[in-house]
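One structure is given here, and the rest of the page talks about it.
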Ligand code: BDR
Ligand code: CA
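Residue numbers (the working numbering): 1 to 314.
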């Protein structure tokens with residue numbers, strides 16, 4: 001039976017690749033809902049981008065719930081400098097006809113998880129963790145009910161991408177991240193240390209395009225444009241394809257290597273959003289996450305291309 005999942009996201013192109021891969025994996029994954037949050041772009045745009053991506057592949061049946069417009073107790077810091085004004089620069093997709101589902105994303109998360117048996121639903125988080133933190137606040141039994149949380153976020157030995165020590169998703173809402181990491185549910189954290197090894201090199205994007213389907217052509221252009229910022233910043237051929245690692249981990253965990261460790265979140269100003277990973281177990285603090293640090297990048301792109309290409313209906 002396919003594993004029920006919810007994907008919480010702030011669609012830029014790499015977020016969309018992740019949830020479309022899930023739709024392209026019906027034997028393994030049952031995508032109950034997409035929930036959106038303000039992050040890479042304001043909420044109205046991240047929600048619209050989710051709907052655009054679903055329309056592109058002809059999959060209108062997946063409900064999209066809009067959630068928090070911004071962090072728990074800070075102003076939202078968007079990332080148009082990376083993803084463009086609409087969060088989806090590089091290929092003009094039409095205004096979606098689809099509408100968001102009625103309801104607030106944190107409520108949808110609670111309702112969908114609590115309606116299913118214990119440890120049934122996996123929460124996949126690709127964005128600032130505000131929606132999940134709000135859901136945990138509304139329903140404290142949620143943590144015990146989740147199968148696990150798999151999230152893209154954080155950084156340790158690699159350093160940060162929005163500050164010397166913090167990765168964007170955790171930096172934007174560190175108070176939410178702190179609440180999630182303390183909730184007691186099993187957590188898999190996929191930090192920059194892992195995603196920075198998985199670059200959208202030209203040869204990989206050429207393979208993606210060569211599939212020859214219209215949505216693959218669209219994602220070729222979206223990812224090419226989207227990774228220009230990182231290519232210039234890091235001097236690499238391609239940029240990190242962050243968020244699909246979460247879905248790839250569910251499908252092919254053997255592509256990844258990591259360790260069970262203690263992770264704490266800094267909410268201090270200078271180190272805001274830093275994920276303090278006790279890789280060597282020096283603190284004696286209890287383990288609260290599996291942190292992934294190794295990835296088979298070729299195997300990863302194989303599964304990304306295979307499952308993304310299967311997302312389109314017809
Ligand atoms: C994360 O930030 C966003 O820009 C990406 O979608 C990814 O979730 C990487 O730091
Ligand atoms: Ca994201």
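Cβ coordinates follow ideal geometry from the N, Cα and C atoms, glycine included.
Listed in chain order, the non-local C-beta contacts of residue 161 below 8 Å within the same chain comprise 155, 167, 168 and 192, local neighbours out to five positions each way being set aside. In the three-state scheme derived from DSSP, where H, G and I count as helix and E and B as strand, residue 250 is classed as helix. Closer than 7 Å to some heavy atom of ligand 2: that describes the Cβ of residue 243. A direct Cα-Cα distance of roughly 30 Å separates residue 249 from residue 102. Taking the C-beta atoms as reference points, residue 54 is found nearer than 8 Å to residue 62. Look at residue 289 here: in three-state DSSP terms it is strand. Residue 165 and residue 201 have their alpha carbons spaced roughly 25 Å apart. In the structure shown, the three-state DSSP call for residue 162 is coil. Shown here, residue 1 sits in coil according to DSSP, grouped into three states, outside any helix or strand. Bridge pairing for residue 259: 291 [DSSP]. With a cut-off of 8 Å on Cβ pairs, the segment 8 to 28 is in contact with the segment 117 to 129, counting three or more such pairs. Spanning the alpha carbons of residue 214 and residue 264 requires a straight line of approximately 43 Å. Residues 165 of the same chain have their beta carbon placed closer than 6 Å to that of residue 271, with the five preceding and five following residues left out of the count.
Taking 7 Å as the cut-off, one finds no heavy atom of ligand 2 near enough to the beta carbon of residue 226.
Annotation for residue 150: the continuous beta strand (DSSP E) segment containing it runs 148 to 152.
The continuous beta strand (DSSP E) containing residue 275 extends over residues 275 to 277. Counting the other Cβ atoms within 10 Å of the Cβ of residue 226 gives 16 or more, which makes it buried. Checking the DSSP bridge columns, you'll see residue 65 partnered with 35. In the three-state DSSP reduction, residue 264 falls in the strand class (E or B).
In the three-state scheme derived from DSSP, where H, G and I count as helix and E and B as strand, residue 236 is classed as coil. With distances taken between CA atoms, residue 114 lies nearest to 143 out of 49, 91 and 143.
By the criterion of a C-beta distance shorter than 6 Å, residue 45 is surrounded in its chain by 86 and 87, once the five residues flanking it on both sides are discounted.
Put simply, of 304, 117, 100 and 172 the residue whose alpha carbon is nearest the alpha carbon of residue 243 is 304. The Cβ atoms of residue 258 and residue 292 lie closer than 8 Å to each other. Taking a contact as a CB-CB distance under 8 Å, the pair residue 297 and residue 198 counts as one, their CB atoms being some 5 Å apart.
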